[in-house]
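Q: Here the sequence shown stands for residues -20 to -1, 1 to 969, numbered as in mature numbering (1 follows the signal peptide of the UniProt record, and there is no 0).
C-beta: ideal position from N, C-alpha, C; glycine also.
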Amino acid sequence: MKTIKLLCISVLFITSISCKQTTISEKEVKTEQHKDVNGFSYETVTNDPTGLRLYTLENGLKVYLSKNTDEPKIQTYIAVRAGSNYDPKESTGLAHYLEHMVFKGTHKIGTLDWEKEKEYLTKISDLYEQHRAEEDPDKKLAIYKEVDKVSLEASNYSVANEYDKMTASLGAERTNAHTSFEETVYHNKIPANELNKWLDLENERFSTLVLRLFHTELEAVFEEFNRGQDNDGWKTYFASLDGLFPKHPYGQQTTIGTAKHLKNPSMVDIHNYFDKYYVPNNMAIVLVGDLDFDATIKKVNETFGKFEKKELVHPTLPKEEPITEPVVKEVFGPTSESISIAYRSQGVNTEEEKFVTLCDMIMANGNAGLIDLNLNQKQAVQRASCYPTFNNDYGYHTFTGRPKSGQTLDEVKDLLLEQVEKLKKGEFDEWMIEAVVNDLKLSQTRQYENNTALASAYFNAFIHHENWEDKVKFLDDLKKISKQELVDFANKFYQNNYVVVYKRKGEDKNIVKVQNPGITPVNLNRGNSSEYVKAFNEVKSAPLQPKFIDYKTAIKETKTANNITVSYVLNENNDLFDLNIIFDMGKDNDKKLSLAAGYLEYIGTDKYSAEEIKKEFYKLGVDYYVSAQDDKTYVGLRGLKENLPKGLELLEHLWDNAKADQEAYDKYVEKIYKGRQDGKTQKGNILWNGLYSFGKYGENSRLRDIMQVDELKAINPEELINIIKEMKNYKQRIFYYGKDVEEAVTALNSHHKIYGELKDYPEAKEYVETNTGGNVFYTDYDMVQTEMLFLAKGEPFKPENLAASTLFNTYFGSGLSSIVFQEIRESKSLAYSAFAAYSNAKEKDDPNYVMAYIGTQANKLEQAVDAMMDLMNNMPEAEEQFNAAKEATLKKIAAQRITKSNIFWSYERLKKLGIDNDNREEMYNTIKDMTIEDLKAFFDKNVKGESYNVMVIGNKKDLNVKSLQKLGKIKELDVDYLFNYVNEKKIKS
């Protein structure tokens, strides 16, 4: 089913989604006022299944609270109605850079001597103003060198990453933030018992802005800018917005900012922006999870309630003129070609939002939309879809398409526009409106079981000035729209008023490349702490006790009439089910199994065409899939419990009566071929699939063990159909998550017919990892950054290493407070993204790996390599940071709950490692007793001195060969050779 943007959909649980007989009844939805035991006023909405309490404090701060006790955690967001729309024209990127700086501390957090540090920061601010005004390049460089010098002196009085260390000590997860056009939002997911400490910390964090470690973080942001230049999808997006909004900041000011503005910042402007917009009447706190309403709002008021309300007027932004004819744009880059067509709409809280949302689902819902059936199902293009976006002032409806082999972008454009014309002519089934609304409700039911998804909906409602009552009623409002009203809207809205962007393959001549500024590494003062941190660490929260699971009792078993084992976990939250038929064989057992599974999507039966099958499933609100992995194959069905029998009957009909279609197969082979060609142009695919696999296996890998296109063409599709049908005769087991397991078993007995004794699996092919060391595998790619992956083969998996490796990864390699992040990014500004990890195997007989990653400007490569290799051989020992990492790891385990269907799937993962119990208990007890000396011993034995294969992707003309030669023998790998897409091997040494 289609992934739905949370910001535009409301929340309603379902009693039925069958469009043939729907029992959804509209209930009264209205906002009500209440007072809690402390006298605080709050709003609720009747028949709101999310249970929101919305408070407004006296200073104007909005507080969204919702309770969910599935796990002892709370998803937190602090949202500010301020984004790149309000950046000064001479300081684009300001809101985003401010977001980064809010992590750097205050006059209490991150400082060893605020009065002395303040003098240097004032001097740095003055220097940046001079730097910005100076036009002479030599004088400008001299001022920057002075900034660098003074920054080093200032760092003598600062402590890096104190905020991150404190959130880590709470056991927080996903500590981060994001900035967009109208918002800046700060994220944490915390253990429920740490709420009070978190509120105290955030209260201090937002009380004062201190721009410390400014120029090193600025360089990290520029690396983020470079990553955007290497992303062709972002280029297409920016070009589309430029066409849609020739006046408005949506199209004229990117959130990341321009290179010129990033290199000429004003600390004064940033302070002014913070003082203007980071005020309580422009902010919201969102808390969703295991909380007590009354105690929580009281604590929020004691902290954030003290902030002073300020008069605030957001700037008036330009209004756009109507688009009266197509606007054509082109962008270039190394990735495969695609096309984007976008229509501008009104924004949130408008009637157009409802109509565009409904049109979008009629066009593409992942199953039975016009694009789904007429383009994707019929393989008329490589891939096509559409999606809506709604912001405060405007929105837009975007259609995307990728051409199949031999197809032009204009041909894809015409096919997409043909589907729009079908919508305008009403060429869709009458039942579709009700079905897509029910589909949206089904998606919401799944999404809002997750605290993060629900909290995201709340902060979006705040940012977009939406009443929650309107959000709750949104889908019922869609249901009132008739087909004729929708057709009338489509004819008015979708005219010759679109922006089309051609993403063409070729050189981008607008790339901005800059010199390495030569930043002097600043002092991290890792062994020191501010007085605030010392006091913070003294405060003890009520302990949270871990809860471990007994898989043998949590996972129940029964059997079908055919004696197939059904493992099950009851769904106690809603009426959705998830049924999985599991075969413990996969592509390793039969290379054609995955091919057959994919082919099934494009064929019908003697009763239904392929399109009709999709429609029948969509009517039921049931989704199916067939997926062949390396060692497993899954036949799955999920949806509303009451429609499980009909859904299973339909799936078994397809399984038993699938009918080969030569034309569909020929198109399927063309699609596979084009997918391979497109994949060769994606740098992420080249590095993390192609190079990564070659670094582990060399030539003899699963990735390279493929059927060539000529082999695919020679296959009779009847053979693939027989593979699918024959699969039912192999040994199998079933996992069911839902209510009424007896009803599910009855449906299986009626429809999942098995005859005779089930067969054993074919023998699986083995792929053996090579020894690592002394190799640099390099692939040329047109990009600004260079990305590197270091990989060292370690010992075979040992359960006793799990505790130490988990703690090591927290302390050393992952997260904002880790050693690698601090050294590579915070101190030396050598990368936007850098991490290291001890990666445990997924199966008990496989080896573990040590790995590290850097993405950096090509002209910083040598410094980055030296810095990373030094860390991988010399782990800094910081007692205080170790203790914080240890505490963080223990608290994360204590707050973790394995629930719902994850009970079964987590047990599946453990069994592959030869573990048959909840090993977290052993890990927890081991970590409790570990010392920094224990971690050092683990590092010395498992990480230090390892021999790495190094995988590199970057622009050959920018490659610093000397920096790589000291890592091993360089081998340039042609992309076709890397993926084995040609018979002739192409390799250069």
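Classify L787 as helix, strand or coil using the three-state DSSP reduction.
A: Note: L787 maps to helix in three-state DSSP.
Q: When you compare only the Cα positions, how much space is there between G223 and R877?
A: Each residue's Cα considered, the two are about 48 Å apart.
Q: Buried or exposed for I(-4), please, with buried defined as at least 16 other CB atoms from any protein chain shown within 10 angstroms of its CB.
A: Residue placement at I(-4) is flagged as unreliable, the pLDDT there being 31, under the threshold of 50; a coordinate-derived value is accordingly withheld.
Q: Does the pairing of the region 429 to 442 with the region 257 to 269 give three or more beta-carbon distances under 8 Å?
A: Verdict: yes, contact present.
Q: Can you tell me whether H444 is buried or exposed, with buried defined as 16 or more other CB within 10 angstroms of its CB?
A: It is buried - the Cβ of H444 has at least 16 other Cβ atoms within 10 Å.
Q: Relative to the C-alpha of D555, which residue among E301, A724, D270, K47 is closest?
A: For the residues E301, A724, D270, K47, the minimum Cα distance to D555 belongs to A724.
Q: Per DSSP, E310 forms a beta bridge with which residues?
A: For E310, which the question treats as bridged, DSSP gives the partners Y482.
Q: Please classify residue 1010: does DSSP put it in a helix, a strand, or coil?
A: What is shown of the chain runs -20 to 969, which leaves residue 1010 out entirely.
Q: Along the beta strand (DSSP E) that carries P776, what are the first and last residues, could you check?
A: Element bounds for P776: 765 to 776.
Q: Under 8 Å: do the region 21 to 29 and the region 191 to 204 share three or more Cβ pairs, one atom per stretch?
A: Result no; under three Cβ-Cβ pairs closer than 8 Å.
Q: In chain order, which continuous runs of the alpha helix (DSSP H) of length 4 or greater are located wholly inside the region 156 to 188?
A: Runs of the alpha helix (DSSP H) inside the region 156 to 188: 175 to 185.
Q: Here's the rule I'm using: 16 or more other beta-carbon atoms within 10 Å means buried, otherwise exposed. How should V153 be labelled?
A: Note that residue 153 is Glu in the sequence shown here, rather than Val. Its Cβ being crowded by 16 or more others within 10 Å, E153 is buried.
Q: Looking only at C-alpha atoms, which of I461, E698, L504 sits nearest to S135?
A: Comparing Cα positions, the closest option is L504.
Q: Does the beta-carbon of V546 have 16 or more other beta-carbons within 10 angstroms, so that it is buried, or is it exposed?
A: Classification of V546: buried, given that the 10 Å Cβ count is 16 or more.
Q: Where does K404 fall in DSSP's three states?
A: If DSSP states are grouped into helix, strand and coil, K404 belongs with the helices.
Q: Please identify the residue among E133, E109, K169 whose C-alpha is closest to the C-alpha of Q55.
A: Nearest of E133, E109, K169 to Q55, Cα basis: K169.
Q: Measure the alpha-carbon distance for Q1 versus F287 and round it to whole angstroms.
A: Reliability fails at Q1, whose pLDDT of 32 lies under 50, so the model's placement of it is uncertain and the value that follows must be treated cautiously. Between Q1 and F287, the C-alpha separation is close to 53 Å.
Q: If we call anything under 8 Å between Cβ atoms a contact, is V830 one with A814?
A: No, the pair does not count as a contact, with Cβ atoms beyond the cut-off.
Q: Please check if any C-beta of chain B sits within less than 8 Å of the C-beta of D118.
A: No chain B is present in this structure, which holds just one protein chain.
Q: Please classify Q609: does DSSP put it in a helix, a strand, or coil?
A: Q609: coil per DSSP, three-state reduction.
Q: For L32, which of helix, strand or coil comes out of DSSP?
A: In this structure, L32 counts as coil in the three-state DSSP scheme.
Q: Taking its Cβ as the centre, do 16 or more other Cβ atoms sit within 10 Å of L(-9), making it buried, or is it exposed?
A: Because L(-9) carries a pLDDT of 29, less than 50, the predicted location of this residue cannot be relied on, and no value is offered for it.
Q: Which value, in whole angstroms, describes the spacing of the CA atoms of K603 and D212?
A: The sequence shown places Asp at residue 603, not Lys. Their backbone Cα atoms lie some 32 Å apart in a straight line.
Q: On the DSSP bridge list, what partners appear for K536?
A: In DSSP, K536 forms a bridge with Y548.
Q: With contact counted as at least three CB pairs below 8 Å, one residue from each stretch, are the region 610 to 617 and the region 637 to 647 in contact?
A: As far as the Cβ criterion goes, the region 610 to 617 does not touch the region 637 to 647, which means the pair count is below three.
Q: If we count the other Cβ atoms within 10 Å of its Cβ and call it buried at 16 or more, is residue 1021 buried or exposed?
A: For residue 1021 there is no data in the structure shown, the boundaries of the chain being -20 and 969.
Q: Round the Cβ separation of L350 and M343 to the nearest angstrom and send it over; I've been treating them as touching at under 8 Å.
A: With 8 Å as the limit, L350 and M343 qualify as a contact, their Cβ atoms being about 5 Å apart.
Q: Could you name the residues of the same chain whose beta carbon sits closer than 8 Å to that of L355, not counting the 5 residues immediately before and after it, in chain order?
A: Here the set comprises V361, A364, G381, L395, L396, Q399.
Q: Could you please give the first and the last residue of the uninterrupted beta strand (DSSP E) stretch that includes I236?
A: No beta strand (DSSP E) contains I236, which DSSP labels as neither H nor E.
Q: My guess is that E142 and I89 are in contact by the Cβ rule of under 8 Å, so how many angstroms apart are they, rounded?
A: Correct: roughly 5 Å between the Cβ atoms.
Q: Going by DSSP, what residue range makes up the alpha helix (DSSP H) through Q650?
A: Reading off the sequence shown, one finds Glu at residue 650, where the question assumed Gln. Here the alpha helix (DSSP H) through E650 covers 642 to 659.
Q: Taking its Cβ as the centre, do 16 or more other Cβ atoms sit within 10 Å of residue 975, making it buried, or is it exposed?
A: Shown here, the chain extends from -20 to 969; a query on residue 975 therefore has no answer.
Q: Pull the bridge partners of E153 from the DSSP assignment, please.
A: The partner list for E153 (beta bridge, DSSP) reads K169.
Q: In the DSSP assignment, find the unbroken alpha helix (DSSP H) run with R900 in it and report its ends.
A: Its alpha helix (DSSP H) spans residues 900 to 908.
Q: Evaluate Y833 with the Cβ neighbour count: other Cβ atoms within 10 Å of its Cβ, from every protein chain shown; 16 or more gives buried, anything less gives exposed.
A: Buried, since its Cβ has 16 or more Cβ neighbours within 10 Å.
Q: So, with DSSP's three-state summary, where would you put Q424?
A: Looking at Q424 - three-state DSSP - the assignment turns out to be helix.
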